[in-house]
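Below you'll find the structure, written out as structure tokens, and then a few comments.
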Amino acid sequence: MTARVGVVTFPGSLDDRDALRAVAAAGAEPVSLWHKDASLHGVDAVVLPGGFSYGDYLRCGAIARFSPVMDLVIAGAREGLPVLGICNGFQVLCEAHLLPGALVRNCHLHFTCTDQRLQIENTSTAWTSAYEAGAHVVIPIKNGEGRFVADVATLDQLEAEGRVVARYVGSNPNGSARDIGGITNAAGNVVGLMPHPEHAIEELTGPSSDGLAFFTSVVKALVSV
Amino acid sequence: MSSRSAIDSVPNALATPDTVLPVTELGLKDDEFARIKEILGRRPTSCELAMYSVMWSEHCSYKSSKIHLRQFGEKVPPEAARILLVGIGENAGVVDIGQGYAVTFKAESHNHPSYVEPYQGAATGVGGIVRDILTMGARPIAVMDSLRFGPADAPDTARVLPGVVAGIGGYGNCLGLPNIGGEIVFDPSYYGNPLVNALSVGVMRADGIKLATAPGPGNQVILFGARTGGDGIGGASVLASATFEAEGQRKRPSVQVGDPFAEKVLIECCLEIFAEDLVAGIQDLGAAGLSCATSELASAGTGGMRVVLDTVPLRDPTLAPEEILMSESQERMCAVVEPSKVARFLEICAKWDVNATVIAEVTDTGRLEIFWRGELVVDVPPRTVAHEGPVYDRPMSRPVDLDALNADDASALPRPSSAAELRATLLLLAASPNLADKSWVTDQYDRYVQGNTALAMPDDAGVIRIDATTNLGIALALDGNGRYARLDPYAGAQLALAEAYRNVAASGARPLAITDCLNFGSPEDPEVMWQFTEAIRGIADGCLALGVPVTGGNVSFYNQTGSTPINPTPVIGVLGVIDDVRTRLRIGFASDGERIFLLGATGLEFGGSEWAHVVHGHLGGRPPKVDFAAERALAAVLCEAASGRLVSAAHDISDGGLAQALVESCLRGGRGVAVTLPSGLDPFVALFSESAARAIVSVPNTSVPRFAELAAHHDVPLASLGTTGGAVLALTGLLEIPLTELAAAATGTFPALYG
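Residue numbers (this note's numbering), protein chains in the order written: chain A, 1 to 225; chain B, 1 to 755.
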């Protein structure tokens, strides 16, 4: 049976079609979800894509978090639905308190788009099981407000529980605390990532195909359930 | 005066023929005002005056350029009939790229707003050109920009450049459009008048083209998108069509304020509306706002429209009708919709939370009638506003200093001769602002969004995949050279065309068509007018010689501060098609042990060169020779080599000559090269001459015989330069520079200047 993976389009979502393409490339059935949807249409997993939902006015992700579809995503996530938030999606997950911490303005105050080296540190989540622990990958990062911050106790807890999913290697592109590029919730079904794996699924249009494994991971996890 | 009696209606205009109107303040000349009175048979109302003033501005009417731009319609290469679906005159030209796809692309200037308020000026420049593309029925798929500033280290450049870059990024990134290339150039002539030219490209099915027309009496005119505010009032007339004096800052209210989120939603909303075939005609609101949209739609349709101006949703309820007509508030569109489709149209707008209001109805009266508070405030033949503005055949004269400038030959300048001097010159040029690594700028732009970017800066052209099944793609390059054009505007314009054409070919694509963005000083200066007409003639002749039609373009005059015009700067965008995007060529040397070849002939050509500019601050002599037959042959070699997979990298040679091309290909590929310069040529000339119609290529050893055969077949001179590998740029017997030293020189400049 093919896994069905939904991608939510909020007003201002930009990488929704890219995420749908990545889902298809991983062998799953991509399903478009609309921010006003009152149902998740039976999807097995959800991607909250990158972009500037509601223009990122007020605060990144703060308005999208209150979309009707998010009530269903939040309820599902609490019951184990795999959810991946990429960039703006990560910000939405933090605003929804599915993940701790927050993403704030880059330390250098510029939007930055670069090919970023990352180390995958946790391969037990729904979205990273296809990676080898400690793998180094190159995935584009592009954000203006991607600096992960949290209080020291939270950071220590994330580290202690192995919930740092991906860490920047070489250079830290935005000043994130402890070079954190992605984290997971305690259950491992919800992952937030600042880098964009959907832009690294083939070498023709990305720096590598290193990002595809985020999507094959969830397909594998869903099929093996 | 009460607000009621303040309405200057048509009957009021008839009754008060001698009322003094702000004619000069709105930028109209006395004879133009006389002509308006003649057309109407009375004095215009204040609303009519507002409309004519913005629509007859240089920016909207092309009154000084129109008679010269006709050449583009007269010198049409035969290729045009086959590939042009929509030509000059619509919002943007449309090109057939095969497999049922049509591509539309256009560049537009936003120079003066970007000087007054860099962030919003540049941002709304992107927004405006993207709406032009959307209006044709296309999904916008990428943007590019050509930027010119004063000296890199000038205090005002530190104000303007970061603001412009942030504005382009802030708007384009939020729209989800990859920024795939362009140029950044510094020259003292742009101090006080930077150039911000934004290009956008879109794709649609060939049968999905939309036009700016209002057919069918009874059809409803729907204004949708943002509410109308008081920003950008008179932007086209007051700001874009006058010379800057010391009052730049005071013109800030004429600059529009952009909301990229509103535009992103508007794009998606429009595409859904187009997909259901709900519009009979459509126009975006850019320069001259509602004045432009209503008069152009009516003028191109059955000739009449009846507008109820009170229905226009306002951001500021105190706006006067004249202001509503002139406002250049962003993110607005105007559609003509058959009555039976209005409900569905409004439903889609509601889905996207886009404001939509019926503001007018198409009529067959041949008049554009606008009502305000129940009174008729505009009653004009729409063609006289939109298409029959004044046309000037302005006087022109060859600049008096040109002979002296051409006689001041750059090849007489002191040259480096020792190996140490050549080494220092190479590093100095690589670090100079025009040639240095631009990632400080380009990393502020999203090049990945939409997932179809196969090439982006610093490669020679941007390449976008159009069809993921067939791998059909397009390539775009945007180039200009104001120094060349100052020395010879005819040749300078052709060199810009040749460079963009060559860049597209170097990416592996076949050049198809062009658009232009023509930046000049005041047309009221006969010497500027001469430069302008020479440039047009050069482009038209060049396009004929290269077999690439002009699809449209933009003219920006009055780029000067006081009486000093900018260097004439025609910027050319060339669109190419690539049958299989997987064969596109990067500039970086891709593997060790490959042979590097120089294609084309090198002469002693230093007039207007980067070397003369950087080392001597010199501008004189003649620009490089133009040879379109050589450019065509070179392009044929590059395209065939790419599609046949004979080469693994290619880079055009332009500013900074062979030396700079080698530097960029080494740094981009992270791999050195050992080069033996062609014998019989002064090493300085071999390295830094800017002769056109040249490129370097990297060829795997097994492909060398076939590649040499290909070059010979097209009669393109071929010289073996050396072999890739190592971590050093080595010129045998002359010098060696480690790539780390090169990289430090190239990448240090921008961060040091702008933080």
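Quick reminder that beta carbons are idealized off the backbone N, C-alpha and C, glycines included.
Interface flag, residue i vs chain A, CB-CB below 8 Å
{"i": "W352(B)", "result": "yes"}
{"i": "D446(B)", "result": "yes"}
{"i": "T470(B)", "result": "no"}
{"i": "A454(B)", "result": "yes"}
{"i": "F261(B)", "result": "yes"}
{"i": "C174(B)", "result": "yes"}
{"i": "G169(B)", "result": "yes"}
{"i": "Q71(B)", "result": "no"}
{"i": "V647(B)", "result": "no"}
{"i": "Q120(B)", "result": "no"}
{"i": "K264(B)", "result": "yes"}
{"i": "D443(B)", "result": "yes"}
{"i": "G451(B)", "result": "yes"}
{"i": "R582(B)", "result": "yes"}
Residue i, DSSP secondary structure in three states
{"i": "M136(B)", "result": "coil"}
{"i": "H251(A)", "result": "Residue 251(A) is absent from the model: chain A starts at 1 and stops at 225."}
{"i": "T747(B)", "result": "helix"}
{"i": "Y168(A)", "result": "strand"}
{"i": "S556(B)", "result": "strand"}
{"i": "Y490(B)", "result": "helix"}
{"i": "G76(A)", "result": "helix"}
{"i": "C113(A)", "result": "strand"}
{"i": "Y445(B)", "result": "coil"}
{"i": "Q283(B)", "result": "strand"}
{"i": "A246(B)", "result": "Residue placement at A246(B) cannot be trusted, given a pLDDT of 45 that sits under 50; what the coordinates show is reported in the next sentence. The answer is coil: DSSP assigns A246(B) none of H, G, I, E or B."}
{"i": "Y392(B)", "result": "coil"}
{"i": "A221(A)", "result": "helix"}
{"i": "S61(B)", "result": "helix"}
{"i": "M457(B)", "result": "coil"}
{"i": "L405(B)", "result": "helix"}
{"i": "V548(B)", "result": "coil"}
{"i": "S2(B)", "result": "Residue placement at S2(B) cannot be trusted, given a pLDDT of 38 that sits under 50; the coordinates are not used to answer."}
Under 8 Å between C-beta atoms of residue i and residue j
{"i": "G303(B)", "j": "G366(B)", "result": "yes"}
{"i": "G208(B)", "j": "G289(B)", "result": "no"}
{"i": "V196(B)", "j": "G121(B)", "result": "yes"}
{"i": "P11(A)", "j": "L20(A)", "result": "no"}
{"i": "S217(A)", "j": "S129(A)", "result": "yes"}
{"i": "V663(B)", "j": "T732(B)", "result": "no"}
{"i": "P516(B)", "j": "P570(B)", "result": "Per the sequence presented here, residue 516(B) reads as Asp, with Pro not at that position. Contact flag set, yes."}
{"i": "A649(B)", "j": "I587(B)", "result": "yes"}
{"i": "D479(B)", "j": "A493(B)", "result": "no"}
{"i": "L40(B)", "j": "V380(B)", "result": "yes"}
{"i": "P22(B)", "j": "R43(B)", "result": "no"}
{"i": "E331(B)", "j": "L266(B)", "result": "yes"}
Distance between beta carbons of residue j and residue i, contact taken as under 8 Å
{"i": "L85(B)", "j": "A102(B)", "result": "5 Å"}
{"i": "N519(B)", "j": "N481(B)", "result": "Between N481(B) and N519(B) the Cβ distance is about 12 Å, and since that is not below 8 Å, they are no contact."}
{"i": "R465(B)", "j": "A454(B)", "result": "6 Å"}
Proximity test, Cβ basis, 8 Å: residue i and chain B
{"i": "C113(A)", "result": "yes"}
{"i": "F215(A)", "result": "no"}
{"i": "F52(A)", "result": "yes"}
{"i": "R59(A)", "result": "no"}
{"i": "D37(A)", "result": "no"}
{"i": "T205(A)", "result": "yes"}
{"i": "H136(A)", "result": "no"}
{"i": "D210(A)", "result": "no"}
{"i": "E198(A)", "result": "yes"}
{"i": "H97(A)", "result": "no"}
{"i": "H110(A)", "result": "yes"}
{"i": "M12(A)", "result": "Before going further, note that residue 12(A) is Gly rather than Met in the sequence given. Answer yes: the Cβ-Cβ gap between G12(A) and chain B drops below 8 Å somewhere."}
- Hey, which unbroken runs of the beta strand (DSSP E) at 3 residues or more fall wholly within the stretch 632-712 of chain B? Listed in chain order, they are 649-652, 673-675 and 695-699.
- What are the start and end residues of each continuous alpha helix (DSSP H) run of 4 or more residues lying completely inside the stretch 133-193 of chain B, in chain order? The qualifying runs are 155-175.
- Message: Ignoring anything shorter than 4 residues, give me the alpha helix (DSSP H) runs that lie fully in the stretch 302-333 of chain B, in order along the chain.
- Response: Runs of alpha helix (DSSP H) with 4 or more residues, each lying fully within the stretch 302-333 of chain B, are found at 321-326, listed in chain order.
- Task: Please list the segments of the beta strand (DSSP E) lying wholly inside the stretch 23-54 of chain A, counting only runs of 3 or more residues, in order along the chain.
- Result: You should have 29-34 and 45-48.
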